[in-house]
Amino acid sequence: MNLAAKDIRHNLGRFALTTIGVGMLLMIVMGMGGIYRGIIEDATLLIDRIGADLWVVQRDTRGPLAEVSRVPSNLVYRVAAVPGVATSREFVYHTIQREHEGQPIRISMLGLSWPTDKGEWLPLVAGRALRQNHFELIADRSLKLQLGERIKLGKETYTVVGLTANMISSGGDGIACVTTSDAVAIQFDVAGEAVRLEREARRARGERYDITSQQPALLEQSQKPSAELPPIAPAQMSAVLVAVAPGHDAEQVAATIAAWGDVTVHSRDDQCALLLEGSVDKARRQIGLFRVLLTVIAAIIMALILYTLTLDKLHSIALLKLIGAPNTVIAGMILQQALMLGVLGYGIAYALGQRLFPQFPRRVILTQDDLLQLAVIVLVISVLSSLLGIWKALRVSPNEAIA
Amino acid sequence: MNNDFAIETVKLTKVYGSGNTEVVAMREASMRVRRGEVVALLGPSGSGKSTFLTAVGLINPPTSGQVVIGGRLVLDGPHARTNLSKFRRQHMGFIFQKSNLIPFLNACENVQIALQLNGRTRSVARRRAMELLDYLGVADRARNYPSMLSGGQQQRVAVARALANQPSVILADEPTAALDSHRGRQVMELFAKVAHENGAGVIVVTHDQRALDVFDTIYEMEDGVIRPSQAAVPAE
Ligand SMILES: Nc1ncnc2c1ncn2[C@@H]1O[C@H](COP(=O)(O)OP(=O)(O)OP(=O)(O)O)[C@@H](O)[C@H]1O
Ligand SMILES: [Mg+2]
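Quick mapping for you: the protein sequence lines, in order, are chains X and Y. Letter by letter, the first sequence follows residues 339 to 741 in my numbering. Letter by letter, the second sequence follows residues 16 to 251 in my numbering.
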């Protein structure tokens with residue numbers, strides 16, 4: 339006769355509520371682990387999808403995915419000239435927060451180097467890649483933009499022509515792809531008044547030099563749009579991405595480029611590692627801490643629940659002892675209840691999670707390993723938390739059945 | 016020691032607490048119950064009857080003195096001379112005044128558990144439990160939980176459980192307090208019948224003067240001392 343099950347059946351409502359509570363708690367523990375996996379996955383997925391062999395970034399920086407990196411746009415050509423480089427392309431990446439239809443929207447803008455890169459490699463779930471070098475945008479689903487929707491960024495309006503899935507920045511924001519020139523335009527968008535003031539300032543600075551009074555044409559030049567001024571550098575890129583030609587050693591190419599004083603070169607693996615131990619690391623540790631805390635809390639709550647379940651049964655336990663039930667039967671009953679609580683709680687956590695996790699703002703990835711690990715942890719805390727109840731039950735004297 | 020005795024207690028003394036709060040609940044209480052003998056234990060409240068019964072029942076060891084069951088020394092003072100819980104489930108049946116039953120088991124399971132703890136298979140235990148419930152007239156309530164049974168029905172289920180393993184010792188502490196006199200008498204007669212049929216020693220603590228004729232021997236307890244009753248010793 340299974341005493342544990344009989345007792346539970348007799349107090350089904352309470353046990354069910356308790357189990358649901360434990361299940362929800364475990365669901366959060368499960369979700370925490372899933373969010374952690376999601377963060378890592380998102381970070382590495384992006385680097386994998388971008389698919390560059392080498393990242394040429396601003397000297398001593400960790401690359402645009404981790405921090406601000408600025409390289410001159412002509413770096414593309416310098417890199418392209420290095421032996422062993424198959425292609426080099428511009429990479430522009432920055433996060434903006436704007437307002438769209440009255441709602442704040444955070445977008446990580448990714449520049450595609452038109453025309454070599456139209457975004458065919460993107461995991462499109464709807465729509466198409468870019469077809470023109472301006473004013474088209476491929477948005478991630480998580481941005482909740484619709485196909486054909488128009489969004490104003492900077493001075494221009496962009497049309498959503500494609501939708502991707504799971505293109506998420508390490509900060510959790512959806513990625514939108516435009517051409518590099520659009521991305522730069524969005525990034526360096528300056529108000530008209532600011533442009534006018536800047537030109538005036540340039541002219542004022544110019545007037546302080548004798549040469550401008552001798553050659554007034556120079557002064558007029560300085561008031562032109564900055565893009566038309568040869569001495570002023572065009573807007574900068576975030577990085578240059580290199581595809582190494584087949585048959586060439588990526589390390590050697592990297593070494594050549596790294597010898598230049600103005601840049602640092604990262605391999606794809608370096609990028610992943612830097613990202614994981616950099617910006618993702620804090621999130622990882624925080625979530626890890628939460629997981630541990632929640633696991634401890636779950637263990638304490640389960641221990642208290644089992645303890646009170648045992649307290650409620652003390653008279654029955656004394657009675658069982660009176661009629662000669664050995665301690666193993668009584669300890670077994672409590673342990674079984676603990677395991678039922680744990681196993682059912684875990685099942686509820688999993689079932690709830692399957693429904694709720696897709697609604698989470700960040701991606702939640704449940705891996706077999708993590709699920710297994712949590713299952714083991716749940717079993718262990720079930721056993722541990724039953725100890726308090728068992729200890730109490732074993733101290734009950736059969737004499738108390740009579741009182 | 017004589018093997019004819021189902022129960023034999025030798026100078027059982029129980030002291031509760033110590034110092035100022037010390038209570039001597041039982042003083043050198045000695046009693047012999049033959050196999051098949053049904054004994055009533057009378058006495059005022061607080062005289063130590065329950066203390067005596069729980070000492071014999073091996074659930075409340077005495078401070079000193081011995082408990083011998085079926086010729087075997089099982090308790091020597093507070094020291095167990097055998098595995099007490101095993102001994103209880105094999106040789107003893109208990110019935111108390113109230114809350115005898117496990118609330119989360121139905122009537123049949125309450126009897127079954129005693130049998131299954133003793134190693135009977137589920138089906139054997141179930142059959143025997145149903146027989147006993149039938150014998151006690153509560154078979155139709157087999158699937159009811161204790162909270163759904165009347166006091167008398169609960170008590171009969173408890174009796175069924177106490178008898179389940181055909182114990183050599185049956186201990187009952189005011190088993191009929193919750194019953195009307197007719198039912199009470201029935202239970203007492205049942206004890207007598209089982210004792211005589213199975214050769215079990217039965218001790219019943221009772222206040223019920225009306226059913227005393229059922230008993231073979233009557234003891235009285237006062238201030239922790241047990242002696243044969245001066246009161247009406249039933250005609251044998
Ligand atoms: N656990 C205990 N601790 C201290 N004193 C106790 C304890 N149990 C019983 N006593 C005391 O021992 C004495 C005998 O108690 P006992 O319960 O054996 O009496 P009783 O004859 O069964 O009484 P009643 O007829 O009321 O059930 C009483 O004075 C009681 O207060
Ligand atoms: Mg009493």
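Just so it is clear, CB atoms sit at the ideal spot from N, CA and C, and this is done for glycine as well.
Short Cβ contact (8 Å threshold) for Leu-485 of chain X with Gly-512 of chain X: No, they are not a contact pair.
Beta-carbon neighbours of Leu-355 of chain X, restricted to chain Y and to distances below 9 Å: Counting only Cβ-Cβ distances below 9 Å, Leu-355 of chain X has no contacts in chain Y at all, with the closest Cβ about 17 Å away.
Should Phe-20 of chain Y be flagged as near chain X, meaning a C-beta pair shorter than 8 Å? No - not a single Cβ of chain X is within 8 Å of the one on Phe-20 of chain Y.
Using a beta-carbon distance below 8 Å, is Gln-168 of chain Y in contact with chain X? By the rule that beta-carbons nearer than 8 Å mark a contact, Gln-168 of chain Y does not touch chain X.
Between the region 468-480 of chain X and the region 406-415 of chain X, do at least 3 Cβ pairs fall closer than 8 Å? No, the region 468-480 of chain X does not touch the region 406-415 of chain X.
Hey, does Gln-131 of chain Y have any beta-carbon neighbour from chain X nearer than 8 Å? For Gln-131 of chain Y, the closest Cβ of chain X is nearer than 8 Å.
Below 6 Å CB to CB, which residues in the same chain sit around Gly-544 of chain X once its five sequence neighbours on both sides are set aside? For Gly-544 of chain X, where only same-chain residues beyond five positions count, the Cβ hits under 6 Å are Thr-550, Leu-557, Ser-560.
Going by DSSP, name the residue or residues bridged to Val-394 of chain X. Bridge pairing for Val-394 of chain X: X:Val-578, X:Val-603 [DSSP].
Beta-carbon contacts of Ala-342 of chain X that lie in its chain and below 7 Å, excluding the five residues immediately before and after: Cβ contact annotation for Ala-342 of chain X (same chain, cutoff 7 Å, sequence separation greater than five): Met-671, Gln-674, Gln-675, Met-678, in chain order.
Of the residues X:Thr-495, X:Tyr-374, X:Asp-527, X:Thr-502, which one's Cα is nearest the Cα of Leu-460 of chain X? Among X:Thr-495, X:Tyr-374, X:Asp-527, X:Thr-502, the Cα nearest to that of Leu-460 of chain X is on X:Thr-502.
Residue from Y:Leu-73, Y:Gly-85, Y:Leu-120 whose Cα sits closest to the Cα of Asn-340 of chain X: Of all alpha-carbon atoms in Y:Leu-73, Y:Gly-85, Y:Leu-120, the one lying nearest the alpha-carbon of Asn-340 of chain X is that of Y:Leu-120.
Tell me, please, whether the CB atom of Ile-661 of chain X is closer than 8 Å to any CB atom in chain Y? Ile-661 of chain X counts as touching chain Y.
Supposed close pair Ala-122 of chain Y, Asn-180 of chain Y - CB separation, criterion 8 Å: Not confirmed; about 17 Å, so no contact.
Could you check if Trp-452 of chain X is buried or exposed, using at least 16 other CB atoms within 10 Å of its CB as the buried criterion? Label assigned to Trp-452 of chain X: buried.
For Ser-446 of chain X, would you say it is in contact with chain Y, using Cβ-to-Cβ distances shorter than 8 Å as the test? For Ser-446 of chain X, no CB of chain Y lies under 8 Å from its own CB, so it is not counted at the interface with that chain.
Quick one: grab the DSSP three-state call for Asp-91 of chain Y. It is a strand residue.
So the alpha helix (DSSP H) Glu-204 of chain Y belongs to, where does it begin and stop? Boundaries of the alpha helix (DSSP H) around Glu-204 of chain Y: 196-213.
Between the Cα of Asn-418 of chain X and those of X:Ala-523, X:Leu-364, X:Ala-581, spot the shortest distance and give me the residue it belongs to. Reading the sequence as shown, one finds Ala at residue 418 of chain X and not Asn. Comparing Cα positions, the closest option is X:Ala-581.
Return the residue from the list Y:Glu-235, Y:Ser-244, Y:Ile-117 that minimises the CA-CA distance to Ser-65 of chain Y. Here the closest residue by C-alpha is Y:Glu-235.
Where His-653 of chain X falls: helix, strand or coil (DSSP): Helix.
Where Ile-719 of chain X and Arg-436 of chain X are concerned, what is the direct C-alpha to C-alpha distance, given to the nearest angstrom? Going by the C-alpha atoms only, they are around 46 Å apart.
Contact list for Ser-735 of chain X against chain Y, beta-carbon separation under 9 Å: Around Ser-735 of chain X, the beta-carbon contacts reaching into chain Y at under 9 Å are Ile-74, Asn-75.
Below 7 Å CB to CB, which residues in the same chain sit around Leu-364 of chain X once its five sequence neighbours on both sides are set aside? Cβ within range, chain order: Ala-636, Gly-683, Tyr-684, Ala-687, Val-716.
Member of X:Gly-662, X:Leu-627, X:Gly-727, X:Leu-710 whose CA lies at the smallest distance from the CA of Met-370 of chain X: It is X:Leu-627 whose Cα lies nearest to the Cα of Met-370 of chain X.
Kindly say whether Asp-511 of chain X, judged by its beta-carbon, lies nearer than 8 Å to any beta-carbon of chain Y. No, Asp-511 of chain X does not count as interfacial toward chain Y.
Please report the distance separating the alpha-carbon of Tyr-31 of chain Y from that of Val-39 of chain Y. Here the alpha carbon of Tyr-31 of chain Y sits roughly 6 Å from the alpha carbon of Val-39 of chain Y.
At 4 residues or longer, and completely inside the region 505-578 of chain X: list those alpha helix (DSSP H) runs for me, N to C. DSSP runs (the alpha helix (DSSP H)) wholly in the region 505-578 of chain X: 518-525, 530-545, 548-552, 554-559.
Please determine, among X:Val-603, X:Ile-358, X:Gly-510, X:Thr-648, the residue with the shortest C-alpha to C-alpha distance to Thr-399 of chain X. With distances taken between Cα atoms, Thr-399 of chain X lies closest to X:Val-603.
Touch check for the region 50-57 of chain Y and the region 142-153 of chain Y: three-plus C-beta pairs under 8 Å? No: the two stretches stay apart, fewer than three of their Cβ pairs being nearer than 8 Å.
Report all residues from its chain with a CB closer than 7 Å to the CB of Met-16 of chain Y; omit the five preceding and five following residues, and keep chain order. Residue placement at Met-16 of chain Y is poorly supported in this model, since its pLDDT is 45, which falls under 50; the coordinates are not used for a value here.
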